[in-house]
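Visitor: One structure, as structure tokens, below. Some questions next.
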Amino acid sequence: SGDCATDACLWQGDYLFKKLDRSVDPCHDFYSHVCSAEWFRERKVHYMQPYAYRARALVMLDLWQFLRAQPLNVTGSFASQAALLARSCVGGVHRDGPMAAFRKIFMDLGMPEWPYEETLPSAEVHDVAKVADKLLGIATLVSTFARERPADLEIVMHVDSPPILLRRHQNTFPDKSVKEYIEFVFQVMSLYRPGNSTTQNLALELVLLEQKMSEAADHSSRSVPVVHVTRQIATLTPLANWNWQTYFRFFLQGNAGRHSSSKLVLLDAFYFDRLPNILEHTSSRTLVNYIGYKLLVHLSPLLPESKAAFMVPLSHDYQPVEGVSDQLQACLFLLDRLYPFGITSIVWTTVLNRSTAVELKDLANDMNRLEDQAHFEMKQVVATAPWMSQKEADEAVLKVERVRVSLLPDKDELGVRYEPFQLPVSGEDSKLLGTYYDLLRFFRAQYWSTSDLTYFREPLSPVVDSFRPGFSYDPDHNAVEVSPATVYFVSRISRRLDPTSVPFLLDPVLRGMFAAIDIDGSNIDAGGILRRWWSPASERKYLERAKCIQNSFAFGAMRLIRDGLSSSLSMKENVMDAAVLRPLYNIYQRLVERSELSAEIPGQPRNLTSRRLFFVNWASTMCEPSRGLSHAKKQLRYKLAMPAKLRVNVALSRFLPFAEAFECRPGSRMNPAAPCTFW
């Protein structure tokens with residue numbers, strides 16, 4: 121029938137040009153067939169990379185362009201302050217003095233002699249930690265944030281496991297050992313004290329603390345909150361060197377009256393319940409040194425390059441994007457942590473400014489039509505979910521129907537969204553660290569005192585930021601929000617959205633919808649009432665299917681790295697991978713029948729049919745740079761994430777339409793004899 125000539129087909133031909141590895145049998149290892157080294161051969165060219173990396177680079181570069189064009193002298197403006205901070209941070213012109221200025225921050229926090237050799241009174245540790253965590257967001261032992269509970273309109277403190285820098289190091293540098301991480305910590309602490317054997321011992325203490333925290337903490341890759349546990353603050357037992365009641369009540373001081381003063385929500389109760397044992401064997405000296413250590417790494421992009429460049433890769437939680445300098449990425453992540461809602465709103469502004477009013481209207485209409493398809497298809501599969509009773513399935517269908525999906529914000533409101541405050545400080549580019557520090561304290565104080573969280577966004581999970589493609593699901597409001605990076609990526613595929621966009625745009629939408637009705641979603645009914653609407657029998661049937669899928673991952677892990685897998689590691693995401701394929705594929709097939717996608721893609725082999733193309737695009741959303749088996753081992757050991765190779769191959773090998781599309785013989789790796797099926 122000849123090559124397809126639509127914008128989407130031309131884009132598709134360019135996206136996959138020389139990317140598929142023909143030497144790898146797709147029925148043996150589909151991930152390696154799709155995710156070849158060619159995606160990352162041009163290390164500095166972002167537009168040759170796969171979806172997740174390209175989308176992130178696009179929004180980062182556009183944000184940087186926006187900030188470079190902003191006037192710097194608009195009094196009280198967040199955009200103006202963000203532009204000043206970004207330009208100074210990236211340029212490094214005024215990063216020569218902050219090492220001495222950091223002493224002032226240590227003094228403000230009550231640890232002027234950091235790092236400490238002597239054990240401190242426990243009260244002093246509390247005084248340091250509560251201020252550092254509330255007003256600077258350091259998250260020493262826990263991450264703490266506020267969420268409004270719609271059932272009673274009460275703002276309740278939420279507590280999660282914190283970022284752990286040991287995990288970051290092992291994920292960022294998979295070929296480096298824990299011993300080398302001890303040397304990293306030693307190097308950080310040596311910035312403020314002689315690098316002698318005493319400092320070496322202090323560094324070792326911090327690493328031992330993080331090893332214990334990492335063992336206890338849930339994996340940091342989850343994209344949807346786990347089932348939470350509510351605790352009364354008054355019931356938390358004071359420890360010898362840490363008083364949780366004093367700590368949490370400090371966060372609630374000075375609020376506007378809508379905050380619950382009696383309870384908090386634990387998102388990682390397993391971790392929190394193991395902290396007393398960890399703290400029992402941790403000195404107050406180690407705790408206060410750990411606060412200073414995390415603070416230095418956190419703010420390292422603002423410090424002199426000659427002193428702090430080695431710390432910058434660990435200042436944020438995300439893999440580097442090619443085509444965007446390491447320093448620029450680190451500076452943008454600092455801005456995102458300063459005021460997440462404001463930066464997300466600016467990113468949305470840059471995305472929408474790429475299109476004319478007519479194009480935006482068409483984009484909105486196309487997205488709404490695809491959203492309708494997602495609602496319809498998810499309701500179809502949920503209606504016959506094999507683990508639910510008919511009454512439960514009816515409840516699930518109603519809840520999916522009520523899922524509110526946010527794909528595009530109102531462009532006219534965006535300016536108000538990122539300029540809701542008159543900032544009290546006037547930044548000076550010669551005082552970069554001081555300006556950032558003052559602004560951070562201002563925003564955090566506003567956040568913890570306000571009775572209206574409209575202009576604040578704290579993620580419910582550690583993987584949400586302004587630059588990452590994907591989604592977030594808010595169980596309290598039954599709402600799915602798709603990231604601006606995802607929307608930006610699909611808007612560049614073609615003038616009008618067509619089937620090519622489905623694996624990129626609707627995959628995160630369907631994941632959010634599934635989160636509404638999975639085992640955690642079964643705790644909140646279609647009316648938003650907190651109640652368990654599954655029976656014990658339904659839960660048991662669901663867990664049997666989930667366990668079968670998880671066992672497939674365990675088998676794959678053993679074959680890939682010759683090592684076992686935690687019984688629950690990434691189970692929620694693993695089940696989600698399997699759950700979204702059927703509705704996603706059904707939508708795609710229905711749309712293909714009405715499009716030109718049945719014609720050949722330019723530059724691709726004639727046997728790359730539209731059905732095969734769906735699976736290629738879906739797999740490409742998970743492609744990563746090849747970093748060897750050592751990285752996969754550390755991803756599993758430190759509970760960072762499920763290796764992408766396992767995610768792709770296990771999910772597709774359990775989905776019969778894949779085997780049919782690629783004609784995989786029964787018993788092959790991608791078409792096992794007795795596969796687990798989800799639906």
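For the record, in the sequence shown the residue sitting at position 584 is 704 according to the numbering used here, with numbers rising by one throughout.
We put the beta carbon where it would ideally sit given N, CA and C, even for glycine.
1. Under a three-way DSSP split, which group does MET277 fall into?
2. What's the gap between the Cα of LEU766 and the Cα of ASN791?
3. Helix, strand or coil for ASN791? Go by DSSP, reduced to three states.
4. Can the beta-carbon of GLU268 be found closer than 8 angstroms to that of LEU650?
5. Three-state secondary structure (DSSP) at THR350?
6. Contact defined as beta carbons within less than 8 angstroms: I believe LEU630 pairs with ALA494. What is the distance between those atoms, to the nearest angstrom?
7. So which of TYR173, VAL700, PRO232 and PRO589 has the shortest CA-CA distance to ASP627?
8. Grab me the residues of ASP446's own chain with a C-beta within less than 8 angstroms of its C-beta, minus the 5 sequence neighbours each way, in chain order.
9. For the alpha helix (DSSP H) that contains ILE464, what are its first and last residues?
10. Cβ of THR797 within 8 angstroms of Cβ of PRO623?
11. Quick check on DSSP: helix, strand or coil for PHE186?
12. Alpha carbon to alpha carbon, what distance is there between THR195 and LYS551?
13. So, with DSSP's three-state summary, where would you put TRP653?
14. Give every residue of the same chain whose Cβ lies closer than 8 angstroms to the Cβ of LEU384, excluding the five residues on either side of it in the sequence, and list them in chain order.
15. How big is the Cα-Cα spacing for TRP362 and ARG457?
16. Comparing alpha-carbon positions, which option in PHE563, LYS519, THR620 and SER730 lies nearest GLU539?
17. Taking all protein chains shown into account, decide if ASP437 is buried (16 or more other Cβ within 10 angstroms of its Cβ) or exposed.
18. Measure the CB-CB distance between ARG702 and VAL501 and report whether it falls below 8 angstroms.
19. Using a Cβ-Cβ cutoff of less than 8 angstroms, which residues in the same chain neighbour LEU240 once the five nearest sequence positions on both sides are dropped?
20. Under a Cβ-count criterion, where at least 16 other Cβ atoms within 10 Å of its own Cβ denotes burial, should THR402 be classed as buried or exposed?
21. So ALA252 and PRO282 are in contact, right, with Cβ under 8 angstroms, and what is the actual spacing, rounded?
22. Give the range of the beta strand (DSSP E) segment to which TYR312 is assigned.
23. Under the three-state reduction of DSSP, which class applies to SER340: helix, strand or coil?
24. From the DSSP output, read off the bridge partner residues of ASP594.
25. Looking only at its chain, what residues have a beta carbon closer than 7 angstroms to the beta carbon of ASP596, apart from the 5 residues adjacent to it on each side?
26. Would you check if there are 3 or more beta carbon pairs closer than 8 angstroms linking the segment 707-715 to the segment 597-611?
27. Checking the sheet assignment: what are the DSSP bridge partners for LEU384?
28. Could you say which of ILE463, ASP638 and LYS753 lies nearest to ALA505 if we only look at CA atoms?
29. Among residues of its own chain, excluding the 5 on either side of ILE302, which ones have a beta-carbon nearer than 7 angstroms to its beta-carbon?
30. Of the choices SER380, SER509 and ASP618, whose alpha-carbon is the least far from that of TYR662?
31. Quick one: any contact between the segment 557-571 and the segment 603-614, if contact means 3 or more CB pairs under 8 angstroms?
32. DSSP has ILE644 in a bridge; who is on the other side?
33. Could you compute how far the alpha carbon of ALA666 sits from the alpha carbon of VAL695?
34. Need the endpoints of the beta strand (DSSP E) that VAL525 sits in, please.
35. List the whole-angstrom C-beta distance separating GLN169 from TRP159, where the pair is believed to meet the contact cut-off of C-beta under 8 angstroms.
36. So does the segment 383-397 actually touch the segment 410-417, counting three or more Cβ pairs closer than 8 angstroms?
Guide: Quick look at the numbers:
1. One-based indexing of the sequence shown puts residue 277 at position 157. Correct three-state label for MET277: strand.
2. As a working mapping, residue 766 is identified with position 646 in the sequence shown. As a working mapping, residue 791 is identified with position 671 in the sequence shown. Cα to Cα, LEU766 sits roughly 15 angstroms from ASN791.
3. Numbered from its first residue, the sequence shown carries residue 791 at position 671. Of the three classes helix, strand and coil, the one that applies to ASN791 here is strand, per DSSP.
4. If you number the sequence shown from 1, residue 268 lands on position 148. If you number the sequence shown from 1, residue 650 lands on position 530. Taking 8 angstroms as the cut-off, the beta carbon of GLU268 is found no closer than this to the beta carbon of LEU650.
5. Walking along the sequence shown from the start, residue 350 turns up at place 230. Here DSSP, grouped into helix, strand and coil, assigns THR350 to strand.
6. To locate residue 630, count along the sequence shown from 1; it is residue 510. To locate residue 494, count along the sequence shown from 1; it is residue 374. The pair is a contact, with the Cβ atoms about 6 angstroms apart (cut-off 8 angstroms).
7. Along the sequence shown, one-based indexing puts residue 627 at 507. With distances taken between Cα atoms, ASP627 lies closest to VAL700.
8. As a working note, residue 446 is residue 326 in the sequence shown. Hits under 8 angstroms: VAL432, PRO433 and PRO440.
9. Working through the sequence shown from its first residue, we reach residue 464 at position 344. In the sequence as displayed, the identity of residue 464 is Thr instead of Ile. That run of the alpha helix (DSSP H) goes 460-472.
10. Residue mapping note: residue 797 aligns to position 677 of the sequence shown, counting from 1. Residue mapping note: residue 623 aligns to position 503 of the sequence shown, counting from 1. In this structure, PRO623 does not lie closer than 8 angstroms to THR797 by Cβ.
11. The residue labelled residue 186 in the question sits at position 66 within the sequence shown. DSSP places PHE186 in the helix class (H, G or I) of the three-state scheme.
12. Residue 551 sits at position 431 when you count from the first residue of the sequence shown. Residue 195 sits at position 75 when you count from the first residue of the sequence shown. Linking LYS551 to THR195 through their CA atoms gives a straight-line distance of about 16 angstroms.
13. Residue numbering aside, residue 653 sits at position 533 when the sequence shown is read from its first letter. Here TRP653 sits in coil by DSSP.
14. Taking the first residue of the sequence shown as position 1, residue 384 is located at position 264. Hits under 8 angstroms: VAL276, MET277, HIS278, VAL279, THR350, ARG351, ILE353 and PHE368.
15. In the sequence shown, the residue the question calls residue 362 occupies position 242. In the sequence shown, the residue the question calls residue 457 occupies position 337. In this model, TRP362 and ARG457 are separated by some 26 angstroms (Cα to Cα).
16. Within the sequence shown, numbered from 1, the residue matching residue 539 stands at position 419. Closest by alpha carbon: PHE563.
17. Here residue 437 corresponds to residue number 317 of the sequence shown, with the count starting at 1. Result: buried.
18. By 1-based counting over the sequence shown, the position of residue 702 is 582. By 1-based counting over the sequence shown, the position of residue 501 is 381. Closer than 8 angstroms, so yes.
19. Position 120 of the sequence shown holds residue 240. The residues are SER404, ARG405 and VAL408.
20. Within the sequence shown, residue 402 is the residue found at index 282, counting from 1. THR402 counts as buried, since no fewer than 16 other beta carbons sit within 10 angstroms of its beta carbon.
21. Here residue 252 refers to the residue found at position 132 of the sequence shown. Here residue 282 refers to the residue found at position 162 of the sequence shown. 12 angstroms between Cβ atoms; not a contact.
22. Taking the first residue of the sequence shown as 1, we reach residue 312 at position 192. Membership of TYR312 in any beta strand (DSSP E) is not indicated, and neither H nor E is assigned to it by DSSP.
23. Taking the sequence shown and counting its residues from 1, one reaches residue 340 at position 220. Low local confidence applies: a pLDDT of 47 at SER340 is under 50, so the model's placement there is unreliable, with the coordinate-based value given in what follows. Shown here, SER340 sits in coil according to DSSP, grouped into three states, outside any helix or strand.
24. The residue labelled residue 594 in the question sits at position 474 within the sequence shown. Under DSSP, ASP594 takes part in a beta bridge, and its partners are ALA599.
25. Taking the sequence shown and counting its residues from 1, one reaches residue 596 at position 476. Correct list, in chain order: ARG267, ARG269 and PRO270.
26. Taking 8 angstroms as the limit for Cβ pairs, the verdict is that the segment 597-611 does not touch the segment 707-715.
27. For the purposes of this step, residue 384 is taken as the residue at position 264 of the sequence shown. Among the bridge pairs identified by DSSP, LEU384 is matched with MET277 and ARG351.
28. As a first step, residue 505 is located in the sequence shown; it is residue number 385 there, counting from the start. Here the closest residue by C-alpha is ASP638.
29. The sequence position of residue 302 within the sequence shown is 182, counting from 1. Excluding sequence neighbours, ILE302 sits near ALA323, LEU324 and VAL327.
30. Translated into the one-based positions of the sequence shown, residue 662 becomes position 542. Nearest of SER380, SER509 and ASP618 to TYR662, Cα basis: SER509.
31. The segment 557-571, when compared against the segment 603-614, does not touch it at the 8 angstroms Cβ threshold.
32. The residue you call residue 644 lines up with position 524 of the sequence shown. BP columns for ILE644 point to LEU650.
33. For the purposes of this step, residue 666 is taken as residue 546 along the sequence shown, with counting starting at 1. For the purposes of this step, residue 695 is taken as residue 575 along the sequence shown, with counting starting at 1. Cα-Cα distance, rounded: 6 angstroms.
34. Taking the sequence shown and counting its residues from 1, the one referred to as residue 525 is at position 405. That run of the beta strand (DSSP E) goes 524-526.
35. Here residue 169 refers to the residue found at position 49 when the sequence shown is read from its first residue. Here residue 159 refers to the residue found at position 39 when the sequence shown is read from its first residue. Here GLN169 really is in contact with TRP159; their C-beta atoms are around 6 angstroms apart, less than 8 angstroms.
36. Verdict: no, contact absent.
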